[in-house]
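Chemist:
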Amino acid sequence: MAKVKNNKLKARLPRGFTDRAAADIRATDEMLAKIRTVFERYGFDPVETPAFEYTDCLGKFLPDTDRPNAGVFSVQDDDEQWMSLRYDLTAPLARHVAENINEIQLPYRTYRAGYVYRNEKPGPGRFRQFMQFDADTVGAAGVQADAEMCMMMADTMEALGLKGQYIVRVNNRKILDGVMEAIGLGGEEDGERRLTVLRAMDKYDKFGSEGVALLLGEGRKDESGDFTAGAQLSQAAIEAIVEILDATAIDDLIDDTNNLTFKTAALSKFAVNKHFEDGFRELKLINDLVEGAGYMSDRIKIDPSVVRGLEYYTGPVYEAELLFDVTNEKGEVVQFGSVGGGGRYDGLVKRFTGRDVPATGFSIGVSRLATALKNLGKLGTDDVVPPVLVTVMDGDTEALGRYQKMTQALREAGIRAEMYQGNWKKFGNQLKYADRRGCPLAIIQGSDEREAGEIQIKDLIEGKRLSGEITDNVTWRESRPAQITVKETELVERVKAMLAEQAEDRAKAGN
RNA sequence: GCAGACGUAGCUCAGUUGGUUAGAGCGUCGGAUUGUGGCUCCGAAGGUCGGUGGUUCGAAUCCACCCGUCUGUACCA
Numbered sequence: 082m083a084k085v086k087n088n089k090l091k092a093r094l095p096r097g098f099t100d101r102a103a104a105d106i107r108a109t110d111e112m113l114a115k116i117r118t119v120f121e122r123y124g125f126d127p128v129e130t131p132a133f134e135y136t137d138c139l140g141k142f143l144p145d146t147d148r149p150n151a152g153v154f155s156v157q158d159d160d161e162q163w164m165s166l167r168y169d170l171t172a173p174l175a176r177h178v179a180e181n182i183n184e185i186q187l188p189y190r191t192y193r194a195g196y197v198y199r200n201e202k203p204g205p206g207r208f209r210q211f212m213q214f215d216a217d218t219v220g221a222a223g224v225q226a227d228a229e230m231c232m233m234m235a236d237t238m239e240a241l242g243l244k245g246q247y248i249v250r251v252n253n254r255k256i257l258d259g260v261m262e263a264i265g266l267g268g269e270e271d272g273e274r275r276l277t278v279l280r281a282m283d284k285y286d287k288f289g290s291e292g293v294a295l296l297l298g299e300g301r302k303d304e305s306g307d308f309t310a311g312a313q314l315s316q317a318a319i320e321a322i323v324e325i326l327d328a329t330a331i332d333d334l335i336d337d338t339n340n341l342t343f344k345t346a347a348l349s350k351f352a353v354n355k356h357f358e359d360g361f362r363e364l365k366l367i368n369d370l371v372e373g374a375g376y377m378s379d380r381i382k383i384d385p386s387v388v389r390g391l392e393y394y395t396g397p398v399y400e401a402e403l404l405f406d407v408t409n410e411k412g413e414v415v416q417f418g419s420v421g422g423g424g425r426y427d428g429l430v431k432r433f434t435g436r437d438v439p440a441t442g443f444s445i446g447v448s449r450l451a452t453a454l455k456n457l458g459k460l461g462t463d464d465v466v467p468p469v470l471v472t473v474m475d476g477d478t479e480a481l482g483r484y485q486k487m488t489q490a491l492r493e494a495g496i497r498a499e500m501y502q503g504n505w506k507k508f509g510n511q512l513k514y515a516d517r518r519g520c521p522l523a524i525i526q527g528s529d530e531r532e533a534g535e536i537q538i539k540d541l542i543e544g545k546r547l548s549g550e551i552t553d554n555v556t557w558r559e560s561r562p563a564q565i566t567v568k569e570t571e572l573v574e575r576v577k578a579m580l581a582e583q584a585e586d587r588a589k590a591g592n
């Protein structure tokens with residue numbers, strides 16, 4: 082006989098995507114609710130945009146080709162226009178604001194959560210579909226809007242139970258622009274090298290000063306032997322940049338008592354320029370604003386090594402970082418990086434409107450943060466009790482109706498309950514099902530009980546405990562452990578009482 | 001994309017220098033037990049050894065290419 086087997090379709094999930102189970106969904110919902118509460122309290126309103134956008138609105142066409150960037154999932158509509166799945170929530174917001182600019186009251190304060198998609202190589206904790214939760218203020222030019230964002234990020238982290246375990250670090254793109262200019266990379270033609278330098282700086286967490294110094298100079302070889310080309314900067318420039326990265330506060334770098342001057346050895350070989358000065362002034366202002374509101378440097382801190390978002394940020398940039406080690410399911414400490422970040426993007430809406438519409442906002446990586454919270458035990462404690470199972474002894478219509486009625490009575494009393502929907506003829510399987518689902522109780526009524534106007538309530542949790550003491554199956558079956566007989570009319574009341582007892586036991590065990 | 005490692009049952013893995021019919025544990029299903037979960041015992045199903053081509057009398061084993069997974073690295077709005 083030929084093997085039909087070969088025709089079987091292989092069930093497989095696209096790589097970088099994941100299915101989420103009940104506990105995960107409930108935990109994430111809980112987390113989203115906490116974040117939303119903070120954003121609402123700050124006076125932000127929700128808005129939702131779709132997963133797809135026209136690719137040109139996302140600004141992701143490759144230069145010199147008519148195809149979108151490979152990093153975004155793209156399809157062609159039936160009129161041949163390119164559409165792409167959004168890769169963040171900021172570009173679609175800019176589109177939404179631009180398209181509705183006449184109806185929207187600026188400054189527009191808004192938040193939204195949603196999945197975003199990146200066509201990149203997935204890794205541990207890195208997916209091709211993941212959730213972000215964003216908040217933005219559109220149409221506010223002053224740095225007080227940026228300061229507010231930083232404070233809201235800090236409040237969000239605390240609402241999630243992370244008080245004292247995070248830091249919001251703030252920098253300004255103008256500072257970095259000033260540095261680029263100072264080391265001679267300020268020109269139009271140096272764009273590519275500037276990017277290389279910024280990317281190298283962004284690797285500071287990963288490779289430390291030495292690794293970054295290599296990337297700024299000759300280049301770096303990784304452990305598999307692969308070589309990454311460097312930015313070929315001068316020794317003086319490399320040292321100056323490393324000084325910035327090593328600095329823990331901006332005051333370590335700058336003396337502002339009389340005019341602005343660099344304090345450190347390598348940096349002071351370069352002159353302070355306009356960009357740098359502007360950036361510095363803005364940072365100072367943010368610092369004063371947040372401190373004035375009571376957010377000291379243990380929560381929000383100026384840090385000149387923050388790089389972030391190379392493309393569209395124009396001013397202040399900020400990110401939230403966790404201060405504890407995150408271990409994965411294998412027990413290894415993983416490089417976690419930031420769990421959220423953002424900044425000022427003054428040019429994004431202008432692309433559509435031609436009008437200056439300054440904006441600032443940040444994004445929380447929901448999936449990553451959820452992983453971290455789970456590790457801390459601050460999330461994922463699934464306290465939803467599985468349903469009470471009403472077992473089926475007789476399958477005739479009338480009997481089924483009675484079981485269904487019992488189930489309904491429990492539901493009406495606010496108790497999760499279900500009638501067994503499998504093959505009722507194998508009664509053992511019904512209890513096996515209940516056991517594996519973790520059902521707290523099973524309701525049993527056969528013809529004997531029926532005639533006596535009674536039902537049996539079986540405590541499956543207590544029964545499981547007792548099973549350890551019984552080795553003989555006949556005894557196990559006949560003793561009907563943890564099972565009581567009650568009047569049919571007392572069903573709801575007795576079930577309620579037994580569930581309450583179990584809840585009490587769980588609470589005790591938890592302490 | 002680049003570099004390296006690895007692909008054997010649903011899962012975790014054995015499989016000798018290339019040699020008969022590719023194994024184990026766990027899980028699944030059936031039975032012992034038609035009205036009672038767990039334990040125990042008995043039995044069964046489940047594999048074109050990632051794919052294709054090549055070398056060979058003979059390939060899970062050797063070679064080439066492809067696909068996939070993992071690790072590092074690049075890119076990451």
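The numbering of the first sequence is the numbering used here, which starts it at 82 and goes up by one. All C-beta atoms in this analysis are idealised placements derived from N, C-alpha and C, irrespective of residue type, glycine included.
Counting only the same chain and skipping the five closest in sequence on each side, list residues whose C-beta sits under 8 Å from that of alanine 578.
Modeler: Taken in chain order, the list of residues that qualify is empty.
Chemist: Which first and last residues belong to the beta strand (DSSP E) in which valine 469 is found?
Modeler: Where valine 469 is concerned, the enclosing beta strand (DSSP E) stretches over 469-471.
Chemist: How is glycine 124 classed by DSSP in three states: helix, strand or coil?
Modeler: Coil.
Chemist: Mind checking phenylalanine 417: buried by the 16 CB within 10 Å criterion, or exposed?
Modeler: Buried is the call here.
Chemist: Given a threshold of 16 other Cβ atoms within 10 Å of its Cβ, counted over all protein chains shown, does phenylalanine 343 qualify as buried or as exposed?
Modeler: Classification for phenylalanine 343: buried.
Chemist: Mind reading off the beta-carbon distance from alanine 535 to valine 567? Whole number of angstroms is fine, and I expect it under 8 Å.
Modeler: As written in the sequence, residue 535 is glutamate, which differs from the alanine given in the question. Indeed, because the Cβ distance is near 7 Å, the residues count as touching under 8 Å.
Chemist: So what does methionine 500 bridge to, in DSSP terms?
Modeler: BP columns for methionine 500 point to Val471.
Chemist: Which partner residues of lysine 539 appear in the DSSP bridge assignment?
Modeler: Ala523, Gln564, per the DSSP bridge assignment.
Chemist: On the criterion of 16 or more Cβ atoms from any shown chain inside 10 Å, does methionine 82 qualify as buried, or is it exposed?
Modeler: With a pLDDT of only 28 at methionine 82, under the threshold of 50, the placement of this residue in the model should not be trusted, and no figure is reported.
Chemist: Can you tell me where the alpha helix (DSSP H) with aspartate 586 in it begins and where it stops?
Modeler: Taken as a continuous stretch (DSSP letters only), the alpha helix (DSSP H) holding aspartate 586 covers 572-591.
Chemist: For the structure I just gave you, are there three or more beta carbon pairs, one from the segment 474-482 and one from the segment 132-149, closer than 8 Å?
Modeler: As far as the Cβ criterion goes, the segment 474-482 does not touch the segment 132-149, which means the pair count is below three.
Chemist: Have a look at the DSSP bridge pairing and note the partners of tryptophan 505.
Modeler: DSSP, once it has assigned bridges, lists no residue as partnering tryptophan 505.
Chemist: If I'm right that valine 371 touches valine 387 with Cβ under 8 Å, what's the distance once you round it to whole angstroms?
Modeler: Wrong, their Cβ atoms sit about 15 Å apart, outside the cutoff.
Chemist: Could you say which of Thr99, Thr570, Ala194, Leu364 lies nearest to aspartate 110 if we only look at CA atoms?
Modeler: It is Ala194 whose Cα lies nearest to the Cα of aspartate 110.
Chemist: Answer with buried or exposed for valine 251, where buried requires no fewer than 16 other C-beta atoms within 10 angstroms of its C-beta.
Modeler: Its Cβ being crowded by 16 or more others within 10 Å, valine 251 is buried.
Chemist: Check for me: the alpha helix (DSSP H) holding tyrosine 484 runs from which residue to which?
Modeler: Run containing tyrosine 484: 478-493, per the alpha helix (DSSP H) assignment.
Chemist: Can you name, in chain order, every residue of its own chain whose Cβ lies under 6 Å from the Cβ of aspartate 126, other than the five neighbours on each side?
Modeler: The answer, listed in chain order, is Thr191.
Chemist: In terms of alpha-carbon separation, which member of Ser315, Asp369, Met112 lies closest to alanine 213?
Modeler: The sequence shown places glutamine at residue 213, rather than the alanine named in the question. Closest by alpha carbon: Met112.
Chemist: When you compare only the Cα positions, how much space is there between aspartate 336 and valine 224?
Modeler: Between aspartate 336 and valine 224, the C-alpha separation is close to 22 Å.
Chemist: Looking at leucine 297 and leucine 279, is the spacing between their C-beta atoms short of 7 Å?
Modeler: No, these two residues do not count as a Cβ contact at 7 Å.
Chemist: Starting from arginine 193, trace the beta strand (DSSP E) both ways and give me its first and last residue.
Modeler: First-last of the beta strand (DSSP E) with arginine 193: 189-198.
Chemist: Helix, strand or coil for isoleucine 248 per DSSP?
Modeler: Here isoleucine 248 sits in strand by DSSP.
Chemist: For tryptophan 505 and leucine 460, I'd like the C-alpha separation in whole angstroms.
Modeler: So the alpha carbons of these two residues sit roughly 37 Å apart.
Chemist: Where DSSP assigns a beta bridge to phenylalanine 343, which residues make up the other side?
Modeler: Partner(s): Ile335.
Chemist: Would you report the Cα separation of arginine 93 and alanine 102, rounded to the nearest angstrom?
Modeler: Near 16 Å, if we compare the C-alpha coordinates of alanine 102 and arginine 93.
Chemist: Kindly identify the DSSP beta-bridge partner or partners of glutamate 134.
Modeler: The partner list for glutamate 134 (beta bridge, DSSP) reads Ser165.
Chemist: Give me, in chain order, the residues of the same chain whose beta-carbon lies closer than 7 Å to that of alanine 318; leave out the 5 immediate sequence neighbours on both sides.
Modeler: Hits under 7 Å: Ile264.
Chemist: Evaluate asparagine 253 with the Cβ neighbour count: other Cβ atoms within 10 Å of its Cβ, from every protein chain shown; 16 or more gives buried, anything less gives exposed.
Modeler: Result: buried.
Chemist: Once DSSP output is grouped into helix, strand and coil, what is the label at methionine 234?
Modeler: Methionine 234 falls in the helix class under three-state DSSP.
Chemist: Of the choices Arg497, Thr552, Ser548, whose alpha-carbon is the least far from that of valine 576?
Modeler: Closest option to valine 576, Cα to Cα, is Arg497.
Chemist: Classify isoleucine 325: buried if its beta carbon has 16 or more other beta carbons within 10 angstroms, exposed otherwise.
Modeler: Classification of isoleucine 325: buried, given that the 10 Å Cβ count is 16 or more.
Chemist: Which value, in whole angstroms, describes the spacing of the CA atoms of arginine 389 and alanine 401?
Modeler: About 11 Å.
Chemist: Return helix, strand or coil for phenylalanine 443, following the three-state DSSP convention.
Modeler: In this structure, phenylalanine 443 counts as strand in the three-state DSSP scheme.
Chemist: Using the three-state DSSP reduction, which class does serine 155 fall into: helix, strand or coil?
Modeler: Reduced to three states, the DSSP call for serine 155 is strand.
Chemist: Taking buried to mean at least 16 other C-beta atoms within 10 Å of its own C-beta, is methionine 233 buried or exposed?
Modeler: Burial call: buried.
Chemist: Our contact map puts leucine 334 next to glutamate 358 with C-beta atoms below 8 Å; I'd like the distance itself, whole angstroms only.
Modeler: Rounded, the Cβ-Cβ distance is 13 Å, inconsistent with contact.
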